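Residues -2 to 86 (this note's numbering) make up the sequence shown, in order. From the three backbone atoms N, C-alpha and C, an ideal C-beta is built for every residue, glycine too. Please read these numbers as outputs of a predicted model, since none were measured by experiment. The structure appears right after this line, and notes come after that.
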Amino acid sequence: MAVGYNEKGIEPKRKVLYRNFHSISDLIYLVEISRTKMKVFFLIFPNFETPEQYLDSVLPERVACKMMQDCGNSFESLIQRFYVKFDTL
């Protein structure tokens, strides 16, 4: 994706760990989970053809690892817990 560093702190040189389509709050989104050394980025794109429009959640690496452990180290299980409310992930 052409999402680069911005005011939210999304790093352009992050490593993408997972990218796939999922149903979140009854809509289909392209979900991307990526990371740097210190942060994990959860990005969802309502329309993958316009990557400049997305919702995000940026977490410290330690918190994101704890969430993954709670979901059995499964990206699909983690994404099932996502929801969108008031245009916020």
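Rounded to the nearest angstrom, what separates residue i and residue j at their Cα positions?
i     : j     : result
Leu27 : Ile21 : 10 Å
Ser71 : Lys82 : 23 Å
Leu86 : Thr47 : 18 Å
Asp67 : Arg78 : 11 Å
Cys62 : Leu75 : 11 Å
Would residue i and residue j be called neighbours here (beta carbons separated by less than 8 Å)?
i     : j     : result
Lys36 : Leu14 : no
Just verifying my parser: in three-state terms, what is the DSSP assignment at residue i?
i     : result
Asp81 : Note on residue identity: the sequence assigns Val, not Asp, to residue 81. In the structure shown, Val81 sits in coil (DSSP, three-state: anything other than H, G, I, E or B).
Phe72 : helix
Lys63 : helix
Glu8  : coil
Measure from the alpha carbon of residue i to the alpha carbon of each residue in the options, then state which is nearest.
i     : options             : result
Met65 : Asp53, Phe39, Gln50 : Phe39
Leu31 : Phe79, Ser74, Pro9  : Checking the sequence shown, residue 31 turns out to be Ser, not Leu. Selected option, being the one with the closest Cα: Pro9.
Arg11 : Lys34, Leu24, Phe18 : Lys34
Asp84 : Tyr51, Val60, Ile25 : Tyr51
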